[in-house]
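Below is one structure, written out as structure tokens; comments come after it.
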Amino acid sequence: MLTLLFDGIAYGMLLFVLAVGLAITLGLMNFINLAHGAFAMAGGYVTVLLMNKLNVPFLATLPLAFLFTALVGAALERTLYRPMYSRPHLDQVLFSIGLVFMTVASVDYFIGSQQQIIQLPAWLQGRFDLAAVGIGKYRLFIVVVCALLTLALQAVLSRTRFGSRLRASVDDPRVAAGLGINVNRVFLLTFAVGSGLAGLGGALGAEVLGLDPTFPIKFMIYFLIVVSVGGTTTITGPLLAALLLGIADVFGKYYVPKLGAFIVYTLMIVILTLRPQGLFGRAATR
Amino acid sequence: MSAAPQSKVAASLAAQSRWKAWELALAALAVVSWWLLGEHALLANEVAILALFAVSLDLILGYAGIVSLGHAAFFGFGAYTAALFAKHVMPDPLVGMAVAVLAAALLGAVCSVLILRGSDLTRLMVTLGVALVFFELANKLDWLTGGTDGLQGVVMGPLLGRFEFDLYGRTAYAYSLVVLLVAMFIARRVVHSPFGVSLKALRDNRLRAMSIGLSVNARLAAVYTFAAALAGAAGALLAQTSGFASLDVFDFHRSADVLLVLVIGGTGYLYGGIFGAIAFKLLHDLISNWTTQYWGFWLGLFLVVLALVGRERLMKPWTWFRRSAT
């Protein structure tokens with residue numbers, strides 16, 4: 003029971019790290035980016051390929067996964083995404099679905115459609131018992147890493163100059179630009195970091211979530227649930243939503259395997275119908 | 012003085028709803044295509060079904076401005092209803108069609124409550140969620156739907172008691188074509204009615220539409236129900252002409268494809284869905300023959316380019332190079 007709860011928390015934390023970039027993109031630029039999962043997949047593949055082909059140790063691949071996806075994210079933001087910000091939502095949806103289809107097919111072509119297997123280092127394998135609660139070591143690792151990331155993110159957003167610039171740009175890009183904030187650069191950096199976090203999440207989650215070319219489509223809905231249920235105005239909202247989703251999903255799959263995903267989707271529809279701005283969101287200003 | 016502009020407006024609205032020569036020609040061409048497309052009837056049948064599906068999406072996307080990623084819910088619901096009805100109640104296709112359309116319309120009416128509130132993102136999520144819920148339902152209720160194996164053993168009765176569905180899809184195409192023409196006729200009436208005009212008004216500016224006294228929610232619910240009924244008809248056509256219903260009908264790919272079809276053909280005018288369906292199927296056939304497995308890549312590339320270039324300009328090739336020319 004508590005083991006399940008712990009697994010759920012680990013899953014939720016993972017989802018949060020995967021989705022937080024999307025929360026920022028959506029909240030910040032009001033841009034519907036369905037291709038977020040593609041960045042996560044890229045991170046996962048970086049880890050897998052580095053480990054299997056070049057024998058890089060697992061821990062070392064994590065920062066590389068972050069860096070690689072952040073760079074790709076920055077490049078794409080500059081070239082493809084920026085012209086799309088001001089377009090209608092339908093165009094953004096089409097654009098990002100197109101990106102997803104392209105990545106799925108290219109990964110299939112270059113790497114193959116089989117499930118990728120990741121060999122964890124010995125000290126992360128197995129589980130130990132803590133007061134009769136079985137805790138997977140790797141799950142614990144995920145929880146610790148994700149918790150640290152969350153704290154760091156919160157600190158950056160609320161304490162640093164960059165954080166306040168970012169929040170200013172979220173609230174009103176025009177006024178922020180008028181005050182001399184280089185909004186484009188803030189967006190670029192944020193997008194890159196968001197993509198990097200997704201890549202890191204993908205790398206961490208490769209063992210738990212599985213990794214194959216259909217990853218972006220399979221998990222797209224989960225990211226979107228986290229963001230839309232959590233609301234896009236804070237990062238605590240998506241965090242709570244991600245934890246809720248993770249726990250509900252693990253419990254649902256364990257106790258009522260026949261209805262697992264069904265419950266999650268129904269819950270989402272109900273919540274969004276009752277609270278269109280998300281559970282923790284405040285009313286939209288635009 | 013005040014009467015003159017009013018009569019002008021009335022005249023322009025009436026002119027829009029008048030049958031144009033090319034529309035009649037198109038309908039005639041559709042009928043003639045049954046004789047011309049002898050051996051390609053199966054493909055043509057798929058095009059007709061896709062066209063009907065796209066037209067139904069156009070009603071809510073192009074006319075009412077609701078972005079939906081889950082239109083396959085109604086398509087699939089119609090397909091499964093028709094297939095189950097044929098299997099367990101009676102095999103007559105026309106009765107099955109009526110039942111499927113009614114069922115899909117009912118579902119649309121229920122779901123329309125969900126799309127009235129929230130932003131584009133919320134609506135996107137809710138429509139997607141509804142389609143996913145049905146996908147899961149069809150997957151898990153395997154005693155009823157056959158789960159992942161699909162619903163097998165559906166035997167269709169002959170059309171009107173006389174015309175058997177043959178292997179080459181001749182009857183199927185004729186059937187789909189007639190349904191498509193009837194649906195187009197009804198949709199055309201709806202779109203050019205005052206109701207249809209008011210839909211465009213609330214798409215363009217919901218606040219203003221509300222303040223001149225249009226009941227926005229009732230209209231959205233009505234058009235959503237109507238579109239769901241048409242999508243259900245398309246799904247029923249697919250199930251009846253193939254004698255099979257599988258999980259594929261609820262798949263995300265189907266909702267995304269139909270969106271693409273509509274975008275190729277152009278949103279907000281009734282024939283966009285039809286032209287889009289023809290172009291999409293031909294393109295699909297062409298690329299699949301060339302590279303089967305990676306068709307998704309070219310589809311994706313097409314979408315990205317389309318979104319970057321702008322979809323208004325796609326159907327107007329003479330504007331493609333305008334910016335570079337000036």
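Chains P and C are the protein sequences, given in the same order. Counting along the first sequence from 1, when you hit position 17 you're at 19 in our numbering, and nothing is skipped either side. Counting along the second sequence from 1, when you hit position 106 you're at 117 in our numbering, and nothing is skipped either side. Beta carbons: idealized from backbone N, C-alpha and C, even for Gly.
Under 8 Å between C-beta atoms of Val112(C) and Ala256(C): Numbered from its first residue, the second sequence carries residue 112(C) at position 101. Numbered from its first residue, the second sequence carries residue 256(C) at position 245. In this structure, Ala256(C) does not lie closer than 8 Å to Val112(C) by Cβ.
When the Cα atoms are used, what is the spatial distance from Val58(C) to Ser123(C)? For the purposes of this step, residue 58(C) is taken as residue 47 along the second sequence, with counting starting at 1. For the purposes of this step, residue 123(C) is taken as residue 112 along the second sequence, with counting starting at 1. Their backbone Cα atoms lie some 28 Å apart in a straight line.
Applying a beta-carbon distance threshold of less than 7 Å, which residues of chain P neighbour Glu34(C)? Here residue 34(C) corresponds to residue number 23 of the second sequence, with the count starting at 1. Per Cβ cutoff of 7 Å: no residues; Glu34(C) is ~26 Å from chain P at best.
Between which two residues does the alpha helix (DSSP H) holding Arg200(C) run? Taking the first residue of the second sequence as position 1, residue 200(C) is located at position 189. Start and end: Arg181 to His203.
Let me know the secondary structure DSSP gives Gly138(P) once reduced to three states. To locate residue 138(P), count along the first sequence from 1; it is residue 136. In this structure, Gly138(P) counts as strand in the three-state DSSP scheme.
Could you tell me which residues DSSP puts in a beta bridge with Leu170(C)? The residue given as residue 170(C) occupies position 159 in the second sequence. Phe174(C).
Roughly how many whole angstroms lie between the Cα atoms of Leu317(C) and Gly277(C)? Position 306 of the second sequence, counted from the first residue, corresponds to residue 317(C). Position 266 of the second sequence, counted from the first residue, corresponds to residue 277(C). Rounded to the nearest angstrom, the two C-alpha atoms are 12 Å apart.
When you compare only the Cα positions, how much space is there between Ala62(P) and Leu82(P)? Counted from its first residue, the first sequence places residue 62(P) at position 60. Counted from its first residue, the first sequence places residue 82(P) at position 80. Each residue's Cα considered, the two are about 30 Å apart.
If you draw a straight line from the C-alpha of Leu61(C) to the C-alpha of Met136(C), how long is it? Here residue 61(C) refers to the residue found at position 50 of the second sequence. Here residue 136(C) refers to the residue found at position 125 of the second sequence. Using only the alpha carbons, I get a separation of about 23 Å.
Proximity to Ser28(C) [Cα-Cα], best of Val144(C), Phe96(C), Val202(C) and Pro16(C): If you number the second sequence from 1, residue 28(C) lands on position 17. The shortest C-alpha separation from Ser28(C) is found at Val202(C).
To which residues of the same chain is Thr27(P) closer than 7 Å at the C-beta, ignoring the five residues directly before and after it? Locating residue 27(P) in the first sequence gives position 25, where the first residue counts as 1. Around Thr27(P): Phe33, Asn35, Phe193 and Gly196.
Thinking Thr138(C) and Ser79(C) are a contact (beta carbons under 8 Å), I'd like their distance in whole angstroms, please. Along the second sequence, read from residue 1 onward, the residue named residue 138(C) stands at position 127. Along the second sequence, read from residue 1 onward, the residue named residue 79(C) stands at position 68. With 8 Å as the limit, Thr138(C) and Ser79(C) qualify as a contact, their Cβ atoms being about 4 Å apart.
Alpha carbon of Leu125(C) to alpha carbon of Val95(P), nearest angstrom: By 1-based counting over the second sequence, the position of residue 125(C) is 114. By 1-based counting over the first sequence, the position of residue 95(P) is 93. Whole-angstrom Cα-Cα distance: 20 Å.
Name the residues in the stretch 148-164 of chain C whose C-beta lies less than 8 Å from a C-beta of chain P; which are they? Leu148 and Lys151
Is the Cβ-Cβ distance between Thr71(P) and Gly198(P) less than 8 Å? Counting from one through the first sequence, the residue named residue 71(P) turns up at place 69. Counting from one through the first sequence, the residue named residue 198(P) turns up at place 196. Against a cut-off of 8 Å, the Cβ pair of Gly198(P) and Thr71(P) comes out as a contact.
Identify, in the order they occur along the chain, each residue of the same chain with its Cβ nearer than 7 Å to the Cβ of Arg141(P), setting aside the five sequence neighbours on each side. Taking the first sequence and counting its residues from 1, one reaches residue 141(P) at position 139. Closer than 7 Å at Cβ, skipping near neighbours: Phe8, Asp9 and Ala12.
Taking only the alpha-carbon atoms, compute the straight-line gap between Phe273(C) and Ser266(C) and give it to the nearest angstrom. Along the second sequence, one-based indexing puts residue 273(C) at 262. Along the second sequence, one-based indexing puts residue 266(C) at 255. Note that residue 273(C) is Leu in the sequence shown here, rather than Phe. One C-alpha to the other measures close to 11 Å.
Indicate whether Leu68(C) and Ala238(C) have their beta-carbon atoms separated by less than 8 Å. Along the second sequence, one-based indexing puts residue 68(C) at 57. Along the second sequence, one-based indexing puts residue 238(C) at 227. Taking 8 Å as the Cβ cut-off, Leu68(C) and Ala238(C) qualify as a contacting pair.
For Gln121(P) versus Asp214(P), is the C-beta spacing smaller than 8 Å? Counting from one through the first sequence, the residue named residue 121(P) turns up at place 119. Counting from one through the first sequence, the residue named residue 214(P) turns up at place 212. Cβ distance not < 8 Å, so Gln121(P) and Asp214(P) don't count as in contact.
Element boundaries [alpha helix (DSSP H), containing Phe6(C)]: Outside the modelled stretch of chain C, which goes from 12 to 337, sits residue 6(C), for which no answer is possible.
Distance, Gly284(C) Cα to Val269(C) Cα: Locating residue 269(C) in the second sequence gives position 258, where the first residue counts as 1. Locating residue 284(C) in the second sequence gives position 273, where the first residue counts as 1. Going by the C-alpha atoms only, they are around 9 Å apart.
How would you label Ile71(C), buried or exposed, when you count the other beta carbons within 10 angstroms and need 16 or more for buried? Walking along the second sequence from the start, residue 71(C) turns up at place 60. The residue is buried, with at least 16 neighbouring Cβ atoms inside 10 Å.
Please name the residue or residues paired with Leu162(C) in a DSSP beta bridge. Taking the first residue of the second sequence as 1, we reach residue 162(C) at position 151. Answer is Ala256(C), bridged to Leu162(C).
In terms of residues, what are the limits of the alpha helix (DSSP H) holding Leu1(P)? Look at the range of chain P in this structure, 3 to 288, and you will see that residue 1(P) is not part of it.
For the pair the stretch 84-98 of chain C and the stretch 286-293 of chain C, tell me if three or more CB-CB distances fall below 8 Å. no
For the putative contact between Val190(C) and Leu213(C), defined by C-beta atoms under 8 Å, what is the C-beta separation to the nearest angstrom? Translated into the one-based positions of the second sequence, residue 190(C) becomes position 179. Translated into the one-based positions of the second sequence, residue 213(C) becomes position 202. With 8 Å as the limit, Val190(C) and Leu213(C) do not qualify as a contact, their Cβ atoms being about 29 Å apart.
Assuming contact is defined by CB atoms lying nearer than 8 Å, are Ala42(P) and Phe217(P) in contact in what I supplied? Locating residue 42(P) in the first sequence gives position 40, where the first residue counts as 1. Locating residue 217(P) in the first sequence gives position 215, where the first residue counts as 1. For Ala42(P) and Phe217(P), yes; Cβs fall inside 8 Å.
Buried or exposed by the 16-neighbour rule on C-beta atoms within 10 Å, applied to Leu155(C): The residue you call residue 155(C) lines up with position 144 of the second sequence. Leu155(C) comes out exposed.
Compute the Euclidean distance between the alpha carbons of Ile273(P) and Asn184(P), then round it to the nearest angstrom. Counting from one through the first sequence, the residue named residue 273(P) turns up at place 271. Counting from one through the first sequence, the residue named residue 184(P) turns up at place 182. One C-alpha to the other measures close to 37 Å.
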